[in-house]
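Numbering (numbering that gives the first Met the number 0), first residue to last: 0 to 357.
From the three backbone atoms N, C-alpha and C, an ideal C-beta is built for every residue, glycine too.
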Amino acid sequence: MKFQIVKTENKARAGLITLNNNVVETPTFMPVATRGAIKSTPHEYLDRTSILLANAYHLHLRPGPEIINEHGGLHKFMGWNKLILTDSGGFQAWSLPTKLYDDGVEFKNVYDGSYFKLTPQESIRTQNLLGSDIAMIFDCLISVDRPDDEQKKAIEITKKWASIAKKTHNNSLQSLFGIVQGGLNLTLREQSAKSMIDLDFDGYAIGGLAIGESSEERKTVVEYLSNILPADKPRYVMGLGDTMGLIDLIDSGVDMFDCVWPARLARHGKLIIKNKYINIKNKKFEKDTDPIDKECKCYVCKRFSKAYLRHLFMNENTSSWLYLTVHNIIQTENIIQQARDSILNSSFDSFKKGYLNG
Ligand SMILES: [Zn+2]
């Protein structure tokens, strides 16, 4: 992986990631294709997307990494020739019922109820077989409101598992990112960051955020880490996808984001228009002949009125989920693109103020 910073404005960075014959302009937003597809939305509609996120935990269970490997890897399995980042299963260890051991996490298989242990070795072996472009270490994520002694234990386990990931990793075409944990305790965050930097990863994620802390608490952690993490490597805040939050953290020097948020909103009929949301179920859109956003360049805004989209949604036509998801993802990508352009034009600060104030 080659990471080049093209321009900075204060801490905000516009960069380029070059990897496996693809180029990603950063900051970038990665839509989430957990099981190799975005819910209700074929990824060929996302022609502006440079990198998708898929999940090693889910693909490990179904269909299994060996089957995907027999296709020549996840890109061929999915029919996606741009970049893929795979998450390790660390988030599922937090969000699903699990038992933590020093050498891994025991899960109950959501499909058949059996128990299995995901270890740092198995997570990396799975990601190596999937052949994603970027793999993540298997980390120990705990809630931000857990006490410091538990946060300390989580960063120690994450450090140990990161070292195992580094030794196990065996795919020369795949980059590997470390993950910094430590909750809201800045001393623990610093210790965790330094332990990751010592292992020399291709990029560094800040994990354990966007799970219940306030935006001020999140900003404090990211600002602090931006002075510690190496400037010449990509920085990735995991699981954040609301556009206000993205702009706020681009301001702190973050380069990569992922989230199910735009797609989840769409399935509830909520549409992103710049820094606001509308609900397509609202009766006032019943006769509205305008597109969702006249300035949006997405497939949906070029073709359909709000009245048509509302009609589809109210009649539970599944194509409405597709159309609304496409709009929300492309709208999010457009906002990030505008932020990037403003960094290149040395006007990010005024862009941010204008965006946040509506
Ligand atoms: Zn649109």
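Query	Result
Taking the alpha-carbon positions, what's the serine 304 to glutamate 285 distance?	10 Å
Quick one, which of His59, Leu228, Val259 has its alpha-carbon nearest alanine 209's?	Val259
In angstroms, rounded to a whole number, what distance separates the CA positions of asparagine 80 and alanine 32?	14 Å
Does the beta carbon of aspartate 335 fall short of 7 Å from some heavy atom of ligand 1?	It should be noted that the sequence gives isoleucine, not aspartate, for residue 335. Every heavy atom of ligand 1 is 7 Å or more from the Cβ of isoleucine 335, so no.
Cβ-heavy atom distance between isoleucine 328 and ligand 1 below 7 Å?	no
In angstroms with no decimal places, state the Cα-to-Cα distance between glutamate 69 and tyrosine 56.	18 Å
Measure the C-alpha to C-alpha separation of histidine 168 and isoleucine 205 and round it to an integer number of angstroms.	20 Å
Can we say the segment 165 to 180 touches the segment 94 to 114, given the rule of at least three CB pairs closer than 8 Å?	no
Does methionine 29 come out as helix, strand or coil in the three-state DSSP assignment?	strand
Compute every distance between the C-beta of isoleucine 291 and the non-hydrogen atoms of ligand 1, then say whether any falls below 7 Å.	yes
Would you say leucine 270 and leucine 323 are within 8 Å of each other, going by their C-beta atoms?	yes
Would you say the beta carbon of valine 104 comes nearer than 7 Å to a heavy atom of ligand 1?	no
With the cut-off set at 8 Å, would you say tyrosine 110 and leucine 60 are in Cβ contact?	yes
Relative to the alpha-carbon of glutamate 189, which residue among Lys159, Leu228, Leu198 has its alpha-carbon at the smallest distance?	Leu228
Taking buried to mean at least 16 other C-beta atoms within 10 Å of its own C-beta, is arginine 12 buried or exposed?	buried
Taking buried to mean at least 16 other C-beta atoms within 10 Å of its own C-beta, is valine 253 buried or exposed?	buried
Determine the extent of the alpha helix (DSSP H) in which lysine 280 is found, giving its start and end residues.	Counting along the chain, lysine 280 falls outside any alpha helix (DSSP H), and DSSP gives it neither H nor E.
Using 8 Å as the Cβ pair cut-off and three pairs as the minimum, do the segment 113 to 132 and the segment 180 to 188 touch?	no
At the level of alpha carbons, what is the spacing between lysine 151 and leucine 187?	7 Å
Kindly provide the ranges of any beta strand (DSSP E) runs that are 3 or more residues long and lie completely inside the segment 245 to 300, ordered along the chain.	255 to 258, 269 to 272, 275 to 278
Could you check if aspartate 299 belongs to the surroundings of ligand 1, using beta carbon to heavy atom distance under 7 Å?	As written in the sequence, residue 299 is valine, which differs from the aspartate given in the question. True, at least one ligand heavy atom lies under 7 Å from that Cβ.
Return the Cβ separation of isoleucine 50 and leucine 84 in integer angstroms, given the expectation that the two are a contact with Cβ distance under 8 Å.	6 Å
What separation, rounded to the nearest whole angstrom, lies between the Cα atoms of tyrosine 289 and valine 325?	One detail in the question is off: residue 289 reads as aspartate in this sequence, not tyrosine. Near 17 Å, if we compare the C-alpha coordinates of valine 325 and aspartate 289.
Judging by CA-CA distance, which residue of Phe200, Ile178, Lys352, Asp340 is the nearest neighbour of threonine 366?	The structure shown does not extend to residue 366, since the chain is modelled only from 0 to 357, so the question has no answer here.
So what does phenylalanine 106 bridge to, in DSSP terms?	Thr97, Phe115
For phenylalanine 176 versus tryptophan 160, is the C-beta spacing smaller than 8 Å?	no
Are the CB atoms of asparagine 327 and alanine 265 within a distance shorter than 8 Å?	yes
Please report the Cβ distance between aspartate 287 and alanine 306, rounded to the nearest whole angstrom; I am assuming they are in contact, meaning their Cβ atoms lie under 8 Å.	5 Å
Considering only the alpha carbon of each residue, which of Cys300, Phe350, Gly268 lies closest to asparagine 416?	A question about residue 416 goes unanswered here, because the residues of the chain that appear run from 0 up to 357.
Measure the Cβ-Cβ separation of glycine 357 and asparagine 274 and say whether it is below 8 Å.	yes
Tell me the rounded alpha-carbon separation between arginine 47 and isoleucine 329.	7 Å
Considering Cα atoms alone, identify which of Thr17, Pro119, Ile342, Leu15 is closest to threonine 157.	Pro119
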